[in-house]
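K.L.:
Residue numbers (our numbering): 3 to 255.
(1) Report yes if the C-beta distance between residue 193 and residue 153 is below 8 Å; otherwise report no.
(2) Please name the residue, chosen from 5, 242 and 253, that lies closest to residue 115 on a Cα-to-Cα basis.
(3) Please classify residue 210 as buried or exposed, where buried requires at least 16 other C-beta atoms within 10 Å of its C-beta.
(4) Can you tell me which of the three DSSP states residue 80 falls into?
(5) Would you mind working out which of 250, 19, 143 and 251 sits nearest residue 98, comparing C-alpha positions?
(6) If contacts are defined as beta-carbon pairs under 8 Å, then residue 110 and residue 52 qualify, I think. What distance do you get, rounded to the angstrom?
(7) What do you reckon, are the CB atoms on residue 49 and residue 252 nearer than 8 Å?
(8) Establish whether the CB of residue 160 and some CB of chain C are separated by less than 8 Å.
(9) Buried or exposed: which applies to residue 121, given that a residue is buried once 16 or more other Cβ atoms fall within 10 Å of its Cβ?
(10) If you count every other CB in all the chains shown that lies within 10 Å of the CB of residue 43, and 16 or more means buried, which is it?
(11) Taking DSSP's pairing of strands, which residues face residue 201 in a bridge?
(12) DSSP state of residue 132, grouped into three classes?
(13) What whole-angstrom Cβ distance do residue 136 and residue 88 have, given they're in contact under 8 Å?
(14) Rank 254, 123, 184 and 78 by C-alpha distance to the C-alpha of residue 106 and give the top, closest one.
(15) Out of 175, 74, 45 and 73, which has the shortest C-alpha to C-alpha gap to residue 86?
(16) Pull up the distance between the alpha-carbon of residue 60 and that of residue 83, whole angstroms please.
(17) Using the C-alpha atoms, what's the distance from residue 73 back to residue 250?
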């Protein structure tokens, strides 16, 4: 069926961080925009809103985005929230997914088709492997919540191709352009939407020497990891001065 009112909720994942585009709001494209571009070709009155803001934890996503999304009367909703909570030193995953469950219930009550994402499997990353068990528990609880509300799962956890770092941004935290393009294909396939999009082209794989790997890790630590830790320690967020890039339903252009 064609969709007419698509609303995306969440954090940097849905905002499109890692997929720069100067012509797009907030200077970002992302998988949700790519999905919207395809859906717009199938419905003359298609409109799209993206309420996601980078850095938002689950409670902020619910507090800031849930009611505005419901008010837009969508017929398609995508949401991913909770990863920023899981990366904190302490988190009660059962408690946050309980709140997520309630939010999913409100979104499902609109009658919209609801797509919910699992988190990526961090087992292939030495950096994020220590929190793998947290993400696994989160995923199982999210799957159960999705089942309760008739939501469809986009199972990021099982997408092994994303263990290739060429799908990721230089910050090693967000999908890069190829990753966002690949995720858009997954979302469209889950929706059963014909699209004709090609697989994204990946850059050549670079094999680093031991010294090269050390330098790359050191550069990443200075440029990305240290600023991330500093924001955590000072209670700041990368999204503190950021507004939703598409706060209301509007035609795709």
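All C-beta atoms in this analysis are idealised placements derived from N, C-alpha and C, irrespective of residue type, glycine included.
What you are looking at is a predicted structure, and each value in this text was computed from that prediction instead of being measured.
P.N.:
In brief:
(1) Sequence index remark: in the chain shown, residue 193 carries index 191 (1-based). Sequence index remark: in the chain shown, residue 153 carries index 151 (1-based). Not in contact: residue 193 and residue 153 (Cβ atoms no closer than 8 Å).
(2) Here the question's residue 115 lines up with position 113 in the chain shown. Comparing Cα-Cα distances from residue 115 to each of 5, 242 and 253, the minimum goes to 5.
(3) Numbered from its first residue, the chain shown carries residue 210 at position 208. In summary, residue 210 is exposed, with fewer than 16 beta-carbon neighbours lying within 10 Å of its beta-carbon over all protein chains present.
(4) Counting from 1 along the chain shown, the entry for residue 80 is found at position 78. The answer is strand: DSSP assigns residue 80 an E or B state.
(5) Your numbering for residue 98 matches position 96 in the chain shown. Answer by Cα proximity: 143.
(6) The residue labelled residue 110 in the question sits at position 108 within the chain shown. The residue labelled residue 52 in the question sits at position 50 within the chain shown. Taking C-beta atoms under 8 Å as the contact rule, residue 110 and residue 52 fail to qualify, at a distance of about 20 Å.
(7) Translated into the one-based positions of the chain shown, residue 49 becomes position 47. Translated into the one-based positions of the chain shown, residue 252 becomes position 250. For residue 49 and residue 252, yes; Cβs fall inside 8 Å.
(8) The structure shown has no chain C; it contains just one protein chain.
(9) Indexing the chain shown from 1 puts residue 121 at position 119. So residue 121 ends up on the buried side.
(10) Taking the chain shown and counting its residues from 1, one reaches residue 43 at position 41. Its Cβ having fewer than 16 others within 10 Å, residue 43 is exposed.
(11) Position 199 of the chain shown holds residue 201. Bridge partners of residue 201: none, in fact.
(12) Taking the chain shown and counting its residues from 1, one reaches residue 132 at position 130. DSSP places residue 132 in helix when its eight states are reduced to three.
(13) For the purposes of this step, residue 136 is taken as the residue at position 134 of the chain shown. For the purposes of this step, residue 88 is taken as the residue at position 86 of the chain shown. Contact holds; Cβ gap of about 5 Å.
(14) Position 104 of the chain shown, counting from 1, holds the residue named residue 106. Nearest option by C-alpha distance: 78.
(15) Taking the chain shown and counting its residues from 1, one reaches residue 86 at position 84. Among 175, 74, 45 and 73, the Cα nearest to that of residue 86 belongs to 175.
(16) By one-based count along the chain shown, residue 60 stands at place 58. By one-based count along the chain shown, residue 83 stands at place 81. Taking the straight line from one Cα to the other gives about 5 Å.
(17) Position 248 of the chain shown, counted from the start, is the residue given in the question as residue 250. Position 71 of the chain shown, counted from the start, is the residue given in the question as residue 73. Taking the straight line joining both Cα atoms gives about 10 Å.
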